[in-house]
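*Asks:*
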Amino acid sequence: MALKGRDLVTIDDLTNGEIEAIFKLADSMADSMPGQYGLCRGKVMASLFFEPSTRTRLSFETAMHRLGGRVISVSDPKSTSLAKGESIADMARIVAGYADIIVIRHPWEGAARLVADYADVPVINAGDGGHQHPTQTLCDLYTLIKERGSIHGLKIALWGDLKYGRTTHSLIFALAKFGATIVFCPSRGLEVPENILHKLVTEYGGELERFGGREKKVKSGALQVDAVYMTPGKPHQLAMMPGIDFEVELKAGVDALYVTRPQKERFTGEEQPDNEFPVVDKKMMRGKQFSKTLVMHPLPRVDELAYDLDADPRAMYFKQASRGVPVRMALLALTLGVKEFPVIEEPSPVRTDYLMYERDYGVKCNNPRCVTAQESEKKYLKPGFKIVNREPLTLRCVYCEHGTEPKFIASTEWHEGRVEHKKYHRANSHLVKKIRPENLIAFDSEKEAEEHGYKPGYYAKAKEK
Amino acid sequence: MALKGRDLVTIDDLTNGEIEAIFKLADSMADSMPGQYGLCRGKVMASLFFEPSTRTRLSFETAMHRLGGRVISVSDPKSTSLAKGESIADMARIVAGYADIIVIRHPWEGAARLVADYADVPVINAGDGGHQHPTQTLCDLYTLIKERGSIHGLKIALWGDLKYGRTTHSLIFALAKFGATIVFCPSRGLEVPENILHKLVTEYGGELERFGGREKKVKSGALQVDAVYMTPGKPHQLAMMPGIDFEVELKAGVDALYVTRPQKERFTGEEQPDNEFPVVDKKMMRGKQFSKTLVMHPLPRVDELAYDLDADPRAMYFKQASRGVPVRMALLALTLGVKEFPVIEEPSPVRTDYLMYERDYGVKCNNPRCVTAQESEKKYLKPGFKIVNREPLTLRCVYCEHGTEPKFIASTEWHEGRVEHKKYHRANSHLVKKIRPENLIAFDSEKEAEEHGYKPGYYAKAKEK
Amino acid sequence: MALKGRDLVTIDDLTNGEIEAIFKLADSMADSMPGQYGLCRGKVMASLFFEPSTRTRLSFETAMHRLGGRVISVSDPKSTSLAKGESIADMARIVAGYADIIVIRHPWEGAARLVADYADVPVINAGDGGHQHPTQTLCDLYTLIKERGSIHGLKIALWGDLKYGRTTHSLIFALAKFGATIVFCPSRGLEVPENILHKLVTEYGGELERFGGREKKVKSGALQVDAVYMTPGKPHQLAMMPGIDFEVELKAGVDALYVTRPQKERFTGEEQPDNEFPVVDKKMMRGKQFSKTLVMHPLPRVDELAYDLDADPRAMYFKQASRGVPVRMALLALTLGVKEFPVIEEPSPVRTDYLMYERDYGVKCNNPRCVTAQESEKKYLKPGFKIVNREPLTLRCVYCEHGTEPKFIASTEWHEGRVEHKKYHRANSHLVKKIRPENLIAFDSEKEAEEHGYKPGYYAKAKEK
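Chains as they are written, first to last, in our numbering: chain A, 6 to 470; chain B, 6 to 470; chain C, 6 to 470.
1. Using a C-beta to C-beta distance shorter than 7 angstroms, which residues of chain A count as neighbours of Met-96 (chain B)?
2. Between which two residues does the beta strand (DSSP E) holding Ile-349 (chain A) run?
3. In chain C, what lies closer than 9 angstroms to Ala-104 (chain A) by C-beta?
4. Buried or exposed: Pro-397 (chain C), going by 16 or more other Cβ atoms within 10 Å of its Cβ?
5. Under the three-state reduction of DSSP, which class applies to Ala-124 (chain B): helix, strand or coil?
6. Who are the neighbours of Tyr-42 (chain C) on chain A, taking C-beta pairs under 8 angstroms?
7. Is it right to say Met-246 (chain C) is buried, meaning 16 or more other beta carbons lie within 10 angstroms of its own, or is it exposed?
8. Determine whether the beta carbon atoms of Leu-337 (chain B) and Met-69 (chain B) lie at a separation below 9 angstroms.
9. Measuring alpha carbon to alpha carbon, tell me which of B:Arg-60, B:Val-79, B:Glu-56, B:Leu-72 ends up nearest Ser-64 (chain A).
10. On a CA-only basis, which of C:Thr-399, C:Val-368, C:Ala-101 is nearest Lys-387 (chain C)? Give me that one, please.
11. Leaving out the 5 sequence neighbours to the left and right, which residues in its chain are closer than 7 angstroms to His-136 (chain B) when beta-carbon positions are compared?
12. Starting from the Cα of Val-197 (chain B), find the closest Cα among B:Ala-185, B:Asp-231, B:Lys-412, B:Glu-212 and give me that residue.
13. Out of curiosity, what's the CA-to-CA distance linking Tyr-464 (chain C) and Tyr-362 (chain C)?
14. Starting from the beta carbon of Lys-384 (chain C), find every residue of chain B whose beta carbon is closer than 8 angstroms, and list them in chain order.
15. Count the C-beta pairs between the stretch 290-304 of chain B and the stretch 178-198 of chain B that are closer than 8 angstroms, then say yes if the count reaches three, no if not.
16. Could you tell me whether the stretch 446-454 of chain A touches the stretch 413-424 of chain A, where touching means 3 or more Cβ pairs closer than 8 angstroms?
17. Take the Cβ of Thr-236 (chain C) as the centre, count every other Cβ of all protein chains shown within 10 Å, and call the residue buried at 16 or more, exposed below.
18. Ends of the beta strand (DSSP E) at Ser-52 (chain C)?
19. Let me check one thing: in DSSP terms, what residues is Asn-130 (chain B) bridge-paired to?
20. Pro-442 (chain C) bridges to which residues according to DSSP?
21. Does Ile-129 (chain B) get closer than 9 angstroms to chain C when you measure Cβ to Cβ?
22. Taking only three categories from DSSP, how would you classify Ser-92 (chain C)?
23. With a cut-off of 9 angstroms, does the C-beta of Ile-77 (chain C) fall near any C-beta of chain B?
24. Tell me which same chain residues have a C-beta within less than 7 angstroms of the C-beta of Lys-297 (chain B), skipping the five on either side of it?
25. With 16 other CB atoms within 10 Å as the buried threshold, where does Leu-255 (chain B) fall?
26. Any Cβ of chain B within less than 9 angstroms of the Cβ of Ser-501 (chain A)?
27. Could you spell out where the beta strand (DSSP E) holding Arg-374 (chain C) opens and where it closes?
28. Could you tell me which of A:Ile-161, A:Asn-371, A:Pro-283, A:Tyr-366 sits nearest to Arg-193 (chain A), measuring between CA atoms?
29. Under a three-way DSSP split, which group does Arg-68 (chain C) fall into?
30. Entirely within the stretch 132-184 of chain A and at least 4 residues each: give me those alpha helix (DSSP H) ranges in chain order.
31. So, under 8 angstroms CB-CB, Asn-371 (chain A) and Thr-399 (chain A) are touching, yes? Tell me the CB distance rounded to an integer number of Å.
32. With H, G and I counted as helix, E and B as strand and the rest as coil, what does DSSP make of Met-246 (chain A)?
33. Counting along the chain, where does the beta strand (DSSP E) carrying Gln-229 (chain B) start and finish?
34. Can you give me the Cβ contacts of Arg-11 (chain B) inside the same chain, cut-off strictly under 8 angstroms, excluding the 5 residues immediately before and after it?
35. I need the boundaries of the alpha helix (DSSP H) containing Met-334 (chain B), first residue and last residue.
36. Would you kindly report the start and end of the unbroken beta strand (DSSP E) that includes Phe-390 (chain C)?
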C-alpha cells in the first residue's frame, strides 16, 4: 500500500480507498490487540505536542505502545528549545534525525505542513491551530461507518463552533468526499470560515445552499440551519425553493449530530457566544427527528453537551475516543510500512489542481495564526499560495489554507500590449486576467509595490469594480 | 487472588491478608528483578499526575517498565484537556479506553474514587489531596515488616504535619488494622483531623486516649504526645490514669518515628508552625528511648529531618523509597492479573458498615478541597455520604471521607405520628432518631429546605441541645 | 572496557582512548541500528531535565529506546518534588533506587557532580548551567573525526558566546586533549572565562597567546581573534611576534568554525552583545579562508547562523545532532556494561593533580550559579576545592570549577616558627607558601576568621603585594 513514508497533514492527503483500507486494518487490529504487539519493534515515534492535549497525545502514544514501538514525547512547549527561540524547521530536521515518524500538534496553522516539508520521515498532523485535525476525522468517519455501514447519503449536522473547531474543518471535506449531506448549524458568530466553504464548493464540486444571515436561518425543530452542502451525485432542488423542501427533508431527521465545544482559547473577542451557546441534552434529543441520530463530539466537552446523554445508546463520543487507538495503530503501521493492506479505489470526483504562486517578496498570508506570520519562521520561510480564483484574485496559503485577496498586481513580463512591466495595478482591474499565472506578482499595498521598484499603472488608482 | 481488576483508592480496600500477599510477591520479585521483565508485556499503564511528584510517579513508571509493560504519562496538569475545562469523569472514561490500568494523583480529595467510578479498568490512588496515599502506606508497612518481622504490637510515633499529610492518614488505618499502637506527635496546629480519629475509633474498634490541648500534652523526652491509639486486643489502663502509665511506657521507646514535612502547599493560613516545626536530628535521636527506633519519612523532606541522620543505620527513608519499586511491581502484577498469589486471611476485626445517604439535592460535602465541590465536577456529580453518626448527625462523604454535620433534616415519609412529611427540623432535635435512614433528607440551610418545598416544623427554630 | 559503572560529568572523565572507543562502537552501531535493539533489555534510564531541552533529552531517550531499554523522564522542573524544596542529593539517592543510569540536566553549575556523588548508579551530565556539556562535545568530536579523519593538528575557531556556552567549555578541553589549535573568536563581552583558560594552560600544558582587549584583536577576514591556544607538541613562534605570524597562518583558513548562540537565559545584564552579535551566513563563508571550513553549531540557533547555509555541504550542524544518537547509544551501552570495547590508549600528556582543600567553615565558592551556593543544598553540602595556585592563592571548586581567591589565610598548626596558629593573615602575604596544604585554612573575610576564633596576625592588615 502506498501509505508508507507519506505525510498526513490534511484529510485531502488520503483517498477514499486509503481511508477505507485504514479502517479495515483497524478492524482486524481491534479484533486481536495482543497480536499487534511487536509490529513496530524498534521503531520510534516522536510525539510533539505544543498545545494542551490528553486524548490525542495519549491515544497516539497508546497506539504506538500497542504495536510494540517506542515513544519520545514533548508535552510541554515551555520545556523545549522552542522556548529558546528555535524555529519549527530546525526542530523538524533534528527530530527527524531521531525518530521514524513524527506526530505534531501546534497552535500555529500550517505548522504540520512546515514540519512535513523539513522532516524526512512521515509526519502526522495531530491538530494545527484552527486548521485541521485529520486523525480525529478518521475516528469520526470510522464511527459513522461502524454504526451506519456507509457514509454515502448520510445527513450529518455540524453543531457549535464551526469557526475555530479544526475537527469540523477536516470533517467537512471528508464528508464531502464520501458523499454525505452536511447540515451546518453553527452557534451565532461561529460560522464556518469562508475559505473552507469556498474550497468545498470549488474543489469538491457539490452544491452549497446558504440561508443567509441569522434571520433567514432554516429552523427545523432544534436545528437552526445556516447552510447545507450536498455532493454532486445527490439530486435535489434546493436552488429552486430555498429552505422549503429542505425543511421537509430535515423533518425526517439527521443521521448524526456532530457537537463541538466553543474553542475559547482561539476566540479573538469578536465572538459573543458565551451566553447563547446552545446545549445538546436529553430533552432536546427527545425530538422525533433525533430518534435515530448519533450524537458525536470530538471531546473534550465543556457545557455544550449534557452528561444526561452519556448512558444514551445514541451517544457515540466515548466510542469515538476509544476507537482512536485501533485507527491510529492502523495508520502508524501503514505509514511506517510495517504492514500492507490492499486499497480498493473507486473513481472519486476529480479535484481541481491550482497553479502555484511563489515569490520572495510581495503578498503575505494575512492569517495572523498562520505559521508564515510568526517571527521565528519568517526569517527562512517563503510564502506559498495556490491561485484559487481570478475575480476576485484569491490566493490560498499552502500552509494554513486561508484565502488572501491581494490589493495590487503586476507582471514580470510585458503582456498583450496592455500590461506594462514594472507597473502595478489594482487587483480588481480587468488586467488580472491578462497576466499569465507564472508572471503574476501580487502586493498587499502600493507602498510595498513601490519599494520593489514598481510604479503606479493606469489601473492603480481607479476603482474599476 | 482476588486483586485482579480491583481498585486501590484507600488502604481499606485491601485486607491484611492481601497486603501480606503483596509483600511476599514483592520479596520474590526483588530477589529476581530481571525475571519479571515481560510479565506485563503489551500492557499499558496510564500515569496521570496532576500534582508535582518525582518519587511516586517515577516509582510507578519504573515498576511498570521492570515488568516489561508500557507507560503513557501526564506529568503536567497544564498540558492536558483538564486545562480546557474537561471533567474528571470524562478524562477517566477516555483514558480507560486506552490503558489497562490507571494510576492517578490529583489535588482534589476524592478524585481517585471518582476516577475509579468512571473508569472500567483498575485505578490506583497515588495521592488525592490531603486524603490518602495508600501505596506509600504499603511501602511504609513493607519496611516495618522487613525490619521488625511483624507490625502487631509495635509502637509507632507519627510526627509533624498530621493534618495535611495524606501519607499518615492512610498509615493510621493500616497500623490499626495490623494491631500497632499509634502515638500521635503532631506539630502545633497540625493535629490529625477529627474525621480520621472518628473513623479510627468507630470502625477499627480500638481505644483512643486524647491528652487534650497543647497544655496537657504528655511529654516523654523529645516526644510531645497529643493522643495515643491502641487496638482492641491490647490490654491497658490508660483511661484510668491518663498520661501517667503511658509516660512510663513511652520511656521504653518507640519502634518507629514516622516524620512528615509541613505540607505548606495545603496550608490555609490558620497554621503557624513555620517557626516551631521541630527538627528530628542526630542529637535528638541520641535519647535512650530512640536507641532502636527506626526513622521513617515518606519524603520529600524539607527541614524537619536533618541530613546528619542519613548514614545512621536507623534511617529508613531511602529504603522506604527504593522498596517502592518491588511493592508497586507486585501490586501492578496482581491488579492486572498477570500474576496470582495465595492470600492467607486471618480473621480481622469486623468493620462497621454504614447506611448510605444519596440525594440529588440538599446537603453537600463541606470540604472545599473535595472533588464534589469543584465547578467542573458539580454539573454531573451527585454527593454521596455514609451516615456515620446520629447524634450529632454526621455524614461522611464517600469521596473525600470528610464528615459533614447538616443543620436541618426532613423526611420523605410520615413517621410515627411525629415527623411530618414536608416539614424540616433542626438536625440536633430528637427527631433525627425518628427518621428512617432511607427516608432521611438533610439540608445545609433553611433556605435550601424551603427552596425544595419544605416548611419549618416545630423543631426547626428551637435549639434543643 | 573500564567505562562500566562510571560517571561522565566533565569531558576530563574520559581518556582519548576511551573517547575513540566510544566512536568506534558508535560507528558499528550506526551501521546496524536494528541489531542494537535488545542490548539494554530491562534496563531503565532516568532522564532528568530541569532546563528546557529538545535535542539532548530526545536524543538520549531515543538512544535508550534504540537499545531496547526503558526511560523514566522528568521534563518539567515544576512537576517534581524539587518544587517542594527537595535537595538534589535526596533526588539523586531516590532516583538511583529506581534507575540503572541517570542522565541529568540542571541550571546549577556542579549539579551533575553532586548527583554523581550521591547516586550509586552511573550519572551522565547533559549540561549543568554554564559549566559543561560533555556528550555534546562527544558529538562535536565525532563529527570532526568523521569529516576530517583526525582532530590532531586541526585549527578550530570558536565563535559567539564563549562565556556562557557550556558546550564550548567542554569542547575546549577536548580539543586540547586531542591536539587541535583553538582560535577564540568571542562576541564582545562574551569571552571565555578566566578559570577555563587557566585550567587549559596549567593542566593541558599548551601555550595560550592572548591578543589583549578588543583593540588588539587579530583580524583575519571575518575572524576577530581574541586568543589562540596551541598544544605542547605544536612548534610555533607566536610568543616572539604576537599576532603577525598568526595572521599569516589564519589566512590559510580554519578547519571548522564552531558557532554558538548568545545564551541570553544566563546573561546577567553586564553583556551588551544584542546589537552586535555577528551573523555567520553564506556571504561571510564565501571568503577564501573558509572554502573548506566545516560550519558547526550545537543548536538551537537563534539569529547567529543564517538559514542560507543549511544546504551548503560545509554545514555540519544537522549531522552533529543526528550523530548524537549512535554516540549516546555507545556511551549508554558501555557505561551500563552491556557492551565492551577495547580501548587503545596512547600516552597522553600527564595532567596536573592538585591537592584538595576541604573545611566545614571558611571560604565558599563565589560563583552564584554554583550548586554549593543554593539554599536547598547548603544545609548538607560541604564546599570542596582544588588548590590550583599559590600566588595568588586560587581554589577551584570541585563542583562548578570556578576559581575563587580567598582574601585571608590561617593554619591549623604552627609553622616554621613564623606562621602562628590561631592567627590569620592576608592571602597575598608571603606566608601562603609557608603553610602546608593540609593545614591551610582560607577565609573570605576578617569577620569570618574572627568568628572562628582567629586573631589578626602581623600580615593581616599590611598589603604586601
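We put the beta carbon where it would ideally sit given N, CA and C, even for glycine. Treat the numbers as computed from the prediction; the structure is a model and nothing was measured.
*Replies:* A quick look at the data gives this:
1. Thr-59
2. Here Ile-349 (chain A) belongs to no beta strand (DSSP E), and DSSP marks it neither H nor E.
3. Leu-63, Thr-67
4. exposed
5. coil
6. Arg-46, Gly-47
7. With a pLDDT of only 46 at Met-246 (chain C), under the threshold of 50, the placement of this residue in the model should not be trusted; the figure read from the coordinates follows. Exposed.
8. yes
9. B:Val-79
10. C:Val-368
11. Glu-114, Gly-115, Arg-171, His-174, Cys-405, Glu-406
12. B:Asp-231
13. 22 angstroms
14. Asp-308, Tyr-312
15. no
16. yes
17. buried
18. 49-54
19. B:Ile-109
20. DSSP, once it has assigned bridges, lists no residue as partnering Pro-442 (chain C).
21. no
22. coil
23. yes
24. Gly-258
25. buried
26. Since the displayed chain A opens at 6 and closes at 470, residue 501 (chain A) lies outside it and no answer follows.
27. Run containing Arg-374 (chain C): none; DSSP gives neither H nor E here.
28. A:Pro-283
29. First, the amino acid is wrong: residue 68 (chain C) is Ala here, not Arg. Three-state result, Ala-68 (chain C): helix.
30. 139-153, 171-182
31. With a Cβ gap of about 12 angstroms, Asn-371 (chain A) and Thr-399 (chain A) do not count as contacting.
32. Confidence in Met-246 (chain A) is poor, its pLDDT being 46 and thus under 50, which makes the residue's placement too unreliable to answer from.
33. 228-230
34. Asp-18, Pro-127, Thr-340
35. 322-341
36. 390-395
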